[in-house]
Amino acid sequence: TVGAVAVDAEGNVACATSTGGMLNKMEGRVGDTPCIGSGGFADNQVGAVSTTGHGESIVKVTLARLILFHVELLTVFSGQSVEAASDLGLAYMKSRVGGLGGVVTVDPQGHWATRFSTRQMAWAAAQKDTLHYGLYTGE
Amino acid sequence: MFPVVVVQGGAGHIPKERSENSRAGVCSAARAGYAVLRRGGSSMDAVVEAVSQLENNPFFNAGCGSVLNIRGEVEMDAIVMDGKRLDSGAVSAVRNIANPIQLARLVMDKTSHTCLTAEGANRFARSMGVSEVPPESLITDYSRMRWKENLAPGANPVDSQILKSVCVNRGKMG
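In order, the protein sequence lines correspond to chains A and B.
Taken in order, the first sequence gives residues 1 to 139; the numbers are from our numbering.
Taken in order, the second sequence gives residues 1001 to 1174; the numbers are from our numbering.
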């Protein structure tokens, strides 16, 4: 799976996610990617998320929308980050349905996070003419 | 507020011999998306550009390089969503399309629906003038090798009942 989130100069957010699905899947199997709130979600009032990982688990917890729900709560009540909200969503998916995955998240102010519960996730971010990237936890 | 593009190239295990290409691919896609923003493009233009680049890169599981289904075929899904008006477009189980993400955007921009699937999505693509590509052009040697490795010995790929025992814990990540 691949995906992207962005914030433009007007503060509009967007997400895009695309996938070949799951290795040796049944013919006709559709996972989280094309489902609103699961493979991605974008709302100018909160932010945008693109997800990857175990699709059936992501659908069960509607991961992208769940993370934006946490962004909303954390911002209002504690001023915490999109990073914390992303971790909360991934932790919930792991504890409730045993699913692993990763996300990229932005809020309308341009704060961003790349978080994953798997061993690796390839990611990159460009902001203020600076490129950030990583593959392993902590990079 | 600073404009930003953030991309992901999939979670799970990335074999060491593919890690550098994966890293280079996401960096290139982020740069491409950011270039769109710098030219004054919208966040939607930026994410579609970034994801199109990743779809065209055979080191990622989307577009060219997609994993194969049990029959050894490519079936792809994609979604876009615009935060300004909560507009959204998606396609599922599409074949023979190089950039499903661009087709998803057309669903959003040109129809009143949110998702088109399978042959209906392919027919819509034709009606929009999106050219189809040969199925083989989306299949890499690596994806074919992984498909073969994950077939149970002696399994008939057409028999979906066998699939459950084959795929329960292998290649679970999409």
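Backbone N, C-alpha and C fix where the C-beta goes; we use that ideal spot for every residue, glycine too.
Start and end residues, alpha helix (DSSP H) containing residue i
i	result
residue 1046 of chain B	1043-1056
residue 1102 of chain B	1100-1110
residue 55 of chain A	55-61
residue 1138 of chain B	Premise fails: residue 1138 of chain B is in no alpha helix (DSSP H) and is neither H nor E.
residue 82 of chain A	82-97
Beta-ladder partner(s) of residue i, from DSSP
i	result
residue 1115 of chain B	B/1090
residue 1060 of chain B	According to DSSP, residue 1060 of chain B bridges with nothing at all.
residue 50 of chain A	A/40 and A/104
residue 120 of chain A	A/136 and B/1012
residue 2 of chain A	A/18
residue 7 of chain A	A/13 and B/1004
residue 126 of chain A	A/131 and B/1005
Residue span of the beta strand (DSSP E) that contains residue i, given as start and end
i	result
residue 43 of chain A	40-43
residue 1079 of chain B	1076-1082
Reduced DSSP category for residue i - H, G, I as helix; E, B as strand; rest coil
i	result
residue 1039 of chain B	coil
residue 131 of chain A	strand
residue 114 of chain A	strand
residue 1019 of chain B	helix
residue 1127 of chain B	helix
residue 1005 of chain B	strand
residue 75 of chain A	helix
residue 1067 of chain B	coil
residue 15 of chain A	strand
residue 1165 of chain B	For residue 1165 of chain B, the pLDDT reaches just 40, beneath the cut-off of 50, and the residue's location in the model is therefore unreliable, leaving the point undetermined.
Beta-carbon proximity list for residue i, same chain, < 6 Å, skipping 5 on both sides
i	result
residue 1049 of chain B	1032, 1033 and 1036
residue 19 of chain A	1 and 33
residue 1132 of chain B	1096
Cβ shell of residue i (< 7 Å), same chain only, five flanking positions each side left out
i	result
residue 123 of chain A	104, 114, 133 and 134
residue 1045 of chain B	1036
residue 1066 of chain B	1074, 1076, 1138 and 1143
residue 108 of chain A	7, 11, 13, 44 and 47
C-beta neighbour in chain A for residue i, strict 9 Å
i	result
residue 1142 of chain B	no
residue 1007 of chain B	yes
residue 1165 of chain B	Low per-residue confidence applies at residue 1165 of chain B: pLDDT is 40, beneath 50, and the placement is therefore not dependable, though the value from the model is reported in the following sentence. False, the Cβ-Cβ gap to chain A never drops below 9 Å.
residue 1109 of chain B	no
residue 1113 of chain B	no
residue 1017 of chain B	no
residue 979 of chain B	Only positions 1001 to 1174 of chain B appear in this structure, which leaves residue 979 of chain B out of reach.
Chain B contact for residue i (CB, 9 Å cutoff)
i	result
residue 92 of chain A	no
residue 30 of chain A	yes
residue 71 of chain A	no
residue 27 of chain A	yes
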